[in-house]
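*Asks:* The numbering used here applies: residue 4 is where the sequence shown begins, and numbers increase by one. Yeah, the Cβ is synthetic: ideal placement off N, Cα and C, and Gly gets one too. Note that the structure is predicted; figures quoted are calculated from it, not measured. Pasting a structure below so you can have a look.
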Amino acid sequence: MSTNVEIKLVHSPIGCPEDQRATVRGLGLRKLQQHRTLKDTPAIRGMIAKVAHLVIVVEKRKPKK
């Protein structure tokens, strides 16, 4: 069963190291309070873990058919 992960940028990456700012941009987040739904993969989970202090994670499951 494939799942999706919804993430929301709640803190600004200003003042963070450049690699963390690049990770936030790589997740597709540009503005505060912006939501993004992505596939739940190990790569995405690793990116979220790297910037966990800047984002909130809400897991969503696909509805059953």
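(1) What is the DSSP secondary structure of I51, counted as helix, strand or coil?
(2) With a threshold of 16 other CB atoms inside 10 Å of the CB of P45, please say whether the residue is buried or exposed.
(3) Taking all protein chains shown into account, do 16 or more other C-beta atoms lie within 10 angstroms of the C-beta of I3, making it buried, or fewer, making it exposed?
(4) Could you pull out every residue in the same chain whose Cβ sits closer than 6 Å to the Cβ of K11, ignoring the five residues on either side in sequence?
(5) From this set, E9, N7, T40, S15, which residue's C-alpha is nearest H56's C-alpha?
*Replies:* On the basis of the supplied data:
(1) Secondary structure of I51 (DSSP, three-state): helix.
(2) Label assigned to P45: exposed.
(3) What is shown of the chain runs 4 to 68, which leaves residue 3 out entirely.
(4) Within the same chain, K11 has close Cβ partners H38, I59.
(5) Nearest Cα to H56 within the set E9, N7, T40, S15: S15.
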